[in-house]
Structure formats: structure tokens, C-alpha cells
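Residue numbers (the UniProt record's numbering): 1 to 171.
We treat Cβ as the ideally placed atom computed from N, Cα and C, and that holds for glycine.
Only one structure is covered here, and it is reproduced in the block below.
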Amino acid sequence: MKLFHGRILALLPDFLTNELNKNPVEGFSAGLIDDNDIYQWEVLIIGPPDTLYEGGFFKAHLQFPKEYPLRPPRMKFITEIWHPNIEKNGNVCISILHEPGDDKWGYEKASERWLPVHTVETILISVISMLADPNDESPANVDAAKEWRESYAEFKRKVARCVRKSQEECL
Numbered sequence: 001m002k003l004f005h006g007r008i009l010a011l012l013p014d015f016l017t018n019e020l021n022k023n024p025v026e027g028f029s030a031g032l033i034d035d036n037d038i039y040q041w042e043v044l045i046i047g048p049p050d051t052l053y054e055g056g057f058f059k060a061h062l063q064f065p066k067e068y069p070l071r072p073p074r075m076k077f078i079t080e081i082w083h084p085n086i087e088k089n090g091n092v093c094i095s096i097l098h099e100p101g102d103d104k105w106g107y108e109k110a111s112e113r114w115l116p117v118h119t120v121e122t123i124l125i126s127v128i129s130m131l132a133d134p135n136d137e138s139p140a141n142v143d144a145a146k147e148w149r150e151s152y153a154e155f156k157r158k159v160a161r162c163v164r165k166s167q168e169e170c171l
């Protein structure tokens, strides 16, 4: 089993990079942080058009477990971002990044959670979609979700500040 696992690991960087090159998606770029560490990736997500995040440049890290693709990577925004489904420390809370199987709380179907067929592309498309359409019913950032529902003008102001800050950091 170790030999098989070693062969998969040797192929992983080329597979992930080729996957992104074959199917380039507008709105993000991704690659290794360090050529010697295939488990650590950096992504840059450009705020989707016609959303509050439009014009922002949001950096995040994807950390792949040694058991990938059987287990999901973790994603954490490095750039400050205000969103109901992103913890204040930047950790992303989205169904396809949750461990495979049934949700013990019953909020998600197993089919909505991690499956080995998910790719960097499908993860990032889901995150971009999440930016456009937050899920305030199952928030990771309760304060952001509450503002989204009850004080939308304040929510927009905080997001606009994050967008401006992300633009300044990219210069």
C-alpha cells in the first residue's frame, strides 16, 4: 500500500496543475506555494462581477491532506474577508470541503460533501459561487450572517473595506 500511495503522491502535482491548465476558469489562479511541498497551494480569487466582492483580490491557501483525494483540503483566506461562510480567521466553511459521509447534524446530504471526484477547479468555483450567494442559515461567521440579514448597509460597508484593502495589498 505504501508503494501505491508513493506513486500517487509523485503524480499529484502534475495532475493538479494539468487539471487547471486543461480547464482554465475565469476568476482565479492557483499554484504551489513552494515547489518542494505539493500539499500547500496558494490561490488568488478575483471578486466575482456583480457582487459586493467585485474588484477584490483575495488570497487563500489550500492545504491538501496526505489522504487526498479521499479527504478534502482545507481552505483559508489570507486576505481579510467579511462573509457569513468564512470564519473570522479566514477558514472557509462550505459543504464540499466537509469530510465525506453523512452530516451528523443533518444539515447536508452526503452528496453535497466532499467526494474524491472534486478538484481544485470545483472547489474554487464553489467558493466563487459562495461569495455571490452566501448561506446565512448555516454560518461560520455568525456576526457577518446577522449583519447580512439585519443590517445589510453595514455588511456592505465592511465588505467594501475588505475589497479596498485587498486592492491595496496587491499593489
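Query, Result
"Roughly how many angstroms lie between the CA atoms of D143 and L44, to the nearest whole one?", "25 angstroms"
"Let me make sure I understand the geometry here. Which of K165, K104, W82 has the alpha-carbon closest to that of D136?", "W82"
"Check for me: the beta strand (DSSP E) holding S129 runs from which residue to which?", "It is not in any beta strand (DSSP E) - S129 instead sits in the alpha helix (DSSP H) that spans 120 to 132."
"Rounded to whole angstroms, how far is the Cβ of H98 from the Cβ of P134, which I believe are closer than 8 angstroms?", "The Cβ separation is near 17 angstroms, so there is no contact."
"Run the CB neighbour count on A153, radius 10 Å, all protein chains shown included, and call it buried at 16 or more, exposed below.", "exposed"
"Counting only the same chain and skipping the five closest in sequence on each side, list residues whose C-beta sits under 6 angstroms from that of S166.", "G56, F57, F58, T79"
"Quick check on W148: does DSSP put it in helix, strand or coil?", "helix"
"Taking the beta strand (DSSP E) that D34 falls in, what are its first and last residues?", "28 to 34"
"Count the other C-beta atoms from every protein chain shown that fall within 10 angstroms of the C-beta of G101, then say buried if there are 16 or more, exposed otherwise.", "exposed"
"Going by beta carbon distance, what residues of the same chain come within less than 6 angstroms of A145, once the five residues before and after it are set aside?", "P84, D136, P139"
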